[in-house]
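In the UniProt record's numbering, the protein residues as written are 1 to 148.
Beta carbons are placed, not taken as given, at the ideal position from N, Cα and C, and that holds for glycine.
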């Protein structure tokens, strides 16, 4: 699944907005991220944390375990703890008017039922990814990153 959005900031500013302050702005801008818990920056310079997503009245936790973290160009993290596992790859590219953040969500499962569910859910998950990117870019455009 792929999505992208243009942020009205330089790549360094966009990176810091999304990844800085323990992902506070992602939580602030996102319609579905309720919290980031257990954030740790490891000795190799990669973060690991638990992301809490809200799905209606429910909360679902997953672990984001980074294996690429190259400010301000790209990141990649494994998504653990969901029926559909995978990795999220993000790139930050300077463009006219700011920075294009592109995301590729690679999903797979070792369970046959979850794999079939993934095929059915593909359009919904693609929509979800794009909605998140658009919400983050709108937040950056409103200047919400400057709020306390």
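Which residues DSSP lists as bridging residue i, in chain order
| i | result |
| --- | --- |
| residue 95 | 98 |
| residue 135 | According to DSSP, which records beta bridges pairwise, residue 135 is partnered with nothing at all. |
| residue 106 | 87 |
| residue 55 | 58 |
| residue 77 | 66 and 88 |
| residue 33 | 53 |
| residue 41 | 47 |
Three-state class that DSSP yields for residue i in the structure shown
| i | result |
| --- | --- |
| residue 148 | Summary for residue 148: the model assigns pLDDT 38, below 50, so the residue's position carries little reliability, and this model does not support an answer. |
| residue 2 | strand |
| residue 48 | strand |
| residue 22 | helix |
| residue 130 | helix |
Nearest-angstrom beta carbon gap, residue j and residue i [assumed within contact, 8 Å]
| i | j | result |
| --- | --- | --- |
| residue 84 | residue 109 | 5 Å |
| residue 99 | residue 19 | Actually they are not in contact, since the Cβ atoms of residue 99 and residue 19 sit about 13 Å apart, beyond 8 Å. |
| residue 37 | residue 48 | Their Cβ separation, rounded to whole angstroms, is 11 Å, which puts residue 37 and residue 48 out of contact at 8 Å. |
| residue 107 | residue 86 | 4 Å |
| residue 51 | residue 75 | Wrong, their Cβ atoms sit about 14 Å apart, outside the cutoff. |
Contact under 8 Å by Cβ, residue i with residue j
| i | j | result |
| --- | --- | --- |
| residue 139 | residue 29 | yes |
| residue 65 | residue 80 | yes |
| residue 129 | residue 1 | yes |
| residue 131 | residue 31 | yes |
| residue 34 | residue 136 | no |
| residue 67 | residue 78 | yes |
| residue 62 | residue 88 | no |
Contact with chain B by residue i, beta-carbon distance below 8 Å
| i | result |
| --- | --- |
| residue 6 | You won't find chain B in this structure, because it holds only one protein chain. |
Validate contact between the stretch 3-18 and the stretch 71-78 using beta carbons, cut 8 Å, 3 pairs: yes
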